[in-house]
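Undergrad: What follows is a single structure, and I will ask about it in a moment.
Written out as structure tokens, the structure reads:
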């Protein structure tokens, strides 16, 4: 089965760029995420992390 897919993929011209593009997208996403994590303000992180724990009086489920 893999030989059939590999032989079929080799016959398509220009297909070798798709794995490179997907690797670049993956790498760029995590580099940007890593940059955001280290440059985010600590107060913002603390506020967002406490959101699920806050208990508001007007947020009741009926």
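Numbering (UniProt numbering), first residue to last: 1 to 62.
Beta carbons: idealized from backbone N, C-alpha and C, even for Gly.
Note that the coordinates shown come from a computational prediction; the quantities given were computed from them, not determined experimentally.
Grab the span of the alpha helix (DSSP H) containing residue 51 for me, first residue to last.
TA: Within the chain shown, numbered from 1, the residue matching residue 51 stands at position 51. Per DSSP, residue 51 belongs to no alpha helix (DSSP H) and is neither H nor E.
Undergrad: Is residue 20 helix, strand or coil when you go by DSSP?
TA: Indexing the chain shown from 1 puts residue 20 at position 20. In the structure shown, residue 20 sits in a helix (DSSP, three-state: H, G or I).
Undergrad: Alpha carbon to alpha carbon, how far is residue 130 from residue 44?
TA: No statement about residue 130 is possible, as the shown extent of the chain runs from 1 to 62 and does not include it.
Undergrad: What span of residues does the alpha helix (DSSP H) with residue 3 cover, start to end?
TA: Here residue 3 corresponds to residue number 3 of the chain shown, with the count starting at 1. First-last of the alpha helix (DSSP H) with residue 3: 2 to 10.
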